[in-house]
Every structure is written in structure tokens, then in C-alpha cells.
Amino acid sequence: MSKFEAVLPGLGAADHRPHALHGADRIWVEKNCYVDLWIELLHAQDFDPHACLPFVFALDFEGDHWTFFKPPLADLRALYGIDVQELTVWRPLLDHAREHLGAGKWLAAEVDAFWLPDTAGTDYRQSHTKTTIVLNAIDGDARRLGYFHNAGYFELGGEDFAQLFAIDAPTALLPPYAELIRLDRCVARSQGELRTLSARLLTDHLAWRPRSNPVARFRERFEADLPVLQQAGLAHYHRWAFAGVRQLGAAFELAAIYLRWLRPEAPPQPAIDAFERIAQHSKTLILKAARAVNSGRALEARPMLDEMADDWARGMAELGDCQ
Numbered sequence: 033m034s035k036f037e038a039v040l041p042g043l044g045a046a047d048h049r050p051h052a053l054h055g056a057d058r059i060w061v062e063k064n065c066y067v068d069l070w071i072e073l074l075h076a077q078d079f080d081p082h083a084c085l086p087f088v089f090a091l092d093f094e095g096d097h098w099t100f101f102k103p104p105l106a107d108l109r110a111l112y113g114i115d116v117q118e119l120t121v122w123r124p125l126l127d128h129a130r131e132h133l134g135a136g137k138w139l140a141a142e143v144d145a146f147w148l149p150d151t152a153g154t155d156y157r158q159s160h161t162k163t164t165i166v167l168n169a170i171d172g173d174a175r176r177l178g179y180f181h182n183a184g185y186f187e188l189g190g191e192d193f194a195q196l197f198a199i200d201a202p203t204a205l206l207p208p209y210a211e212l213i214r215l216d217r218c219v220a221r222s223q224g225e226l227r228t229l230s231a232r233l234l235t236d237h238l239a240w241r242p243r244s245n246p247v248a249r250f251r252e253r254f255e256a257d258l259p260v261l262q263q264a265g266l267a268h269y270h271r272w273a274f275a276g277v278r279q280l281g282a283a284f285e286l287a288a289i290y291l292r293w294l295r296p297e298a299p300p301q302p303a304i305d306a307f308e309r310i311a312q313h314s315k316t317l318i319l320k321a322a323r324a325v326n327s328g329r330a331l332e333a334r335p336m337l338d339e340m341a342d343d344w345a346r347g348m349a350e351l352g353d354c355q
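In our numbering, the protein residues as written are 33 to 355.
So this is what it looks like as C-alpha cells:
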């Protein structure tokens with residue numbers, strides 16, 4: 033008889049409902065694989081993920097990409113009592129998964145999206161790309177897995193299971209990066225407690241804001257890179273857009289949502305409006321740039337990028353006055 037191990041045994045793909053941060057009404061439904069995971073992991077435990085969002089305010093442009101933003105592990109511990117540590121993968125990942133899921137600990141792992149059926153239409157059985165999932169339920173004998181990925185909860189089995197866990201693969205195969213998520217010291221806090229703790233984290237992350245306007249720096253790089261993007265084609269552009277514009281837009285939509293949550297009685301509306309415009313303009317830019325790359329035609333994006341740079345400065349100045 034096969035043995036089933038699960039952290040949340042009652043969770044199923046068919047009845048999972050994403051958090052409102054992943055609602056269809058969002059400008060950016062999916063942010064990046066790691067942030068999306070934590071939104072849903074916290075939601076699955078009835079914790080409020082809004083509280084962990086202050087890190088988005090430190091977003092910076094790194095020259096060829098925007099920060100791949102993610103919640104600092106220290107913030108997760110301070111807010112929710114969740115402890116995350118790197119897992120030393122010294123034996124097959126499947127063995128680690130059986131042991132730790134059976135002990136009530138989630139396991140996060142970098143895997144090949146080629147074997148994830150929830151990516152059907154993009155990467156599934158088409159493209160080998162790295163992504164992060166969190167293992168929640170496993171039956172090694174039946175080769176069934178329940179996992180969090182992006183904004184949802186999914187299940188897989190059969191060949192996908194065998195390939196994901198490298199069953200019968202050569203022993204020289206490079207082990208994946210994995211993290212152990214301990215939940216035995218979780219703390220369920222009131223909204224008031226969460227807001228107080230989160231406000232302190234906001235102060236810390238605002239202190240790490242870029243020293244110069246990152247959108248202005250991005251504007252100059254975008255204008256220089258557009259001809260190169262047009263020559264490289266759409267496949268290359270989509271990789272660039274994920275590392276660039278999507279991270280910018282998704283982060284500042286979260287920033288606006290967070291400020292509404294943090295100060296429901298007196299929200300800093302000028303900052304919220306500025307950050308929402310950045311999010312919306314980023315969506316417009318990613319679509320217009322795709323058309324320009326596909327057609328080879330010129331794109332006059334400077335006026336919109338000028339406005340986005342002004343909005344970054346305006347929003348951050350407003351927060352400086354509100355601390």
C-alpha cells in the first residue's frame with residue numbers, strides 16, 4: 033500500500049482558490065514565481081500576505097534587469113514565525129520530500145518547468161526553464177505530487193513525477209537548490225499586530241531605496257537596447273520583458289495595494305496613485321514594445337517613461353513625508 037505524506041492533506045487542486053492578490057482584476061495577476069508562492073503559502077495557512085510586502089519598495093534597476101524581488105526570510109520569521117533554511121540535498125530529493133512533508137514541513141525546490149503540467153501552453157513539454165515550486169503532498173509509490181506554483185495549487189504524476197524527481201537519473205546529476213520551510217513555530221497575529229510589525233519593516237526597506245531614480249536609469253537603457261531587442265526577436269524579448277518590465281510593474285502594483293492595507297483610515301493617496309500609474313504604464317509598455325519588436329518599427333516610449341520616472345520620485349517623496 034502506498035504511503036501518502038502531506039503538510040496540508042485536505043488541500044486539492046480542484047478546490048484551491050487563489051488569494052485576492054492574484055485576482056483576475058489585478059493589473060499583474062502573476063508577479064514572479066517566488067513572490068507568488070509566498071502569497072499562496074501564507075493564504076493557505078490563513079495568514080495575511082499583505083504584511084510581508086514592504087520589500088517591494090527597495091526595487092532597483094540593476095542594468096540588465098530589475099530586482100527579482102522576494103520576501104526576505106527574516107521578514108517571514110518576524111511576521112509569521114515561519115523559518116526557512118536551505119536544504120542540504122545529500123540524497124535523492126524524493127527521499128527528502130517524503131521525510132519532511134511527513135514531519136509537517138514544506139519543501140521548496142527549483143525544478144524544470146518542462147515537467148509541470150500547469151504550464152501547459154508555455155513551458156510544459158516545450159521549454160526547459162527554471163522555476164520554484166513548493167511540495168505539499170506526495171505519494172512516492174503512486175508517483176503523485178501536490179504542489180504550489182505561481183498563483184495556484186496543482187497536481188502531477190506519472191512521467192512528470194519521475195522526471196521531476198530524476199528517478200533513475202545518473203548519480204552525477206547536479207542536485208537542485210531546495211529550502212526547508214518549518215511551520216512548527218508559526219504565530220497567528222491580529223491585523224493590528226501585523227500592521228505594527230509591517231510598518232517597522234517598511235521603514236527598514238525604505239531606507240534601502242535606490243539612491244538615484246531607477247526608472248530614469250531604465251529609460252536610458254531601454255532606448256539603447258530596443259534596436260538589439262528588435263534584432264534578437266520575440267523569444268529573446270519575452271525573456272527580457274520578464275526580467276525587466278514585468279518586475280517593475282508587478283512590484284509597484286503590490287506597493288500601491290500594500291499602502292492601502294497598511295493605512296486603511298488615512299491612505300497616502302498621492303503615492304498610491306503614482307505607483308498604480310507605474311504598474312499600468314508598465315503593462316502598456318510591455319505590449320507596445322512587443323509589437324515594436326515583432327514589426328521592427330520605431331517606438332517612442334520616452335514620454336511614458338518620463339512620466340513613470342516622475343511617478344517613482346513623487347511616490348517615494350510622499351512616503352518620505354509619511355514615515
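We treat Cβ as the ideally placed atom computed from N, Cα and C, and that holds for glycine. All values derive from a computational prediction rather than experimental measurement.
Buried or exposed (CB count within 10 angstroms, at least 16 for buried), residue i
i, result
"residue 65", "buried"
"residue 262", "buried"
"residue 150", "buried"
"residue 168", "buried"
"residue 260", "exposed"
"residue 297", "exposed"
"residue 122", "exposed"
"residue 332", "exposed"
"residue 108", "buried"
"residue 44", "exposed"
"residue 287", "buried"
"residue 103", "buried"
"residue 154", "exposed"
"residue 95", "exposed"
"residue 182", "buried"
"residue 164", "buried"
Extent of the continuous beta strand (DSSP E) to which residue i belongs
i, result
"residue 213", "210 to 214"
"residue 140", "138 to 144"
"residue 95", "Neither: residue 95 is in no beta strand (DSSP E) and is coded neither H nor E."
"residue 176", "176 to 181"
"residue 185", "184 to 189"
Three-state secondary structure (DSSP) of residue i
i, result
"residue 165", "strand"
"residue 112", "helix"
"residue 270", "helix"
"residue 44", "coil"
"residue 170", "strand"
"residue 77", "coil"
"residue 131", "helix"
"residue 252", "helix"
"residue 118", "strand"
"residue 346", "helix"
"residue 352", "helix"
"residue 276", "helix"
"residue 260", "helix"
"residue 330", "coil"
"residue 246", "helix"
"residue 33", "No answer about residue 33 holds up, because its pLDDT of 41 lies below 50 and its placement is not dependable."
Distance between beta carbons of residue j and residue i, contact taken as under 8 Å
i, j, result
"residue 110", "residue 229", "6 Å"
"residue 180", "residue 72", "5 Å"
"residue 186", "residue 175", "Not really, about 15 Å apart at Cβ, beyond 8 Å."
"residue 189", "residue 126", "So it is not a contact: roughly 13 Å between Cβ atoms."
"residue 133", "residue 38", "6 Å"
Proximity test, residue i beta-carbon vs the ligand COA heavy atom, cut-off 7 Å
i, result
"residue 190", "Because no ligand of any kind appears in the structure shown, any question about the ligand COA cannot be addressed here."
Endpoints, alpha helix (DSSP H) assigned at residue i
i, result
"residue 36", "No alpha helix (DSSP H) contains residue 36, which is instead part of the beta strand (DSSP E) from 36 to 38."
"residue 230", "223 to 238"
"residue 54", "Per DSSP, residue 54 belongs to no alpha helix (DSSP H) and is neither H nor E."
"residue 316", "301 to 327"
"residue 292", "279 to 294"
Inset, instruction - State whether the stretch 274 to 288 contacts the stretch 75 to 90, with contact taken as three or more CB pairs (one from each stretch) at a distance under 8 Å. - result: Yes, since at least three Cβ pairs between the stretch 274 to 288 and the stretch 75 to 90 fall closer than 8 Å, the two stretches touch.
Inset, instruction - Check whether the stretch 134 to 147 touches the stretch 155 to 165, taking contact to mean three or more Cβ pairs, one atom from each stretch, closer than 8 Å. - result: In short, these stretches touch, since the Cβ pair count reaches three.
Inset, instruction - Assess, as a yes-or-no matter, whether the stretch 293 to 312 is touched by the stretch 266 to 278 under the definition of 3 or more beta carbon pairs within less than 8 Å. - result: Too few Cβ pairs lie closer than 8 Å, so no.
Inset, instruction - Decide yes or no for the touch test of the stretch 92 to 105 against the stretch 188 to 200: beta carbon pairs closer than 8 Å, at least 3 of them. - result: Counting Cβ pairs under 8 Å, fewer than three are found: no touch.
Inset, instruction - Flag this pair as touching only if the stretch 209 to 217 and the stretch 106 to 123 have three or more C-beta atom pairs under 8 Å; answer yes or no. - result: Touching, yes, given that three or more Cβ pairs across the two stretches are closer than 8 Å.
Inset, instruction - Check whether the stretch 239 to 256 touches the stretch 133 to 143, taking contact to mean three or more Cβ pairs, one atom from each stretch, closer than 8 Å. - result: Because the criterion of three Cβ pairs below 8 Å is not met, the stretch 239 to 256 and the stretch 133 to 143 do not touch.
Legend entry - Touching by the beta-carbon criterion (3+ pairs, under 8 Å), the stretch 203 to 213 and the stretch 57 to 64: Not touching, per the Cβ criterion.
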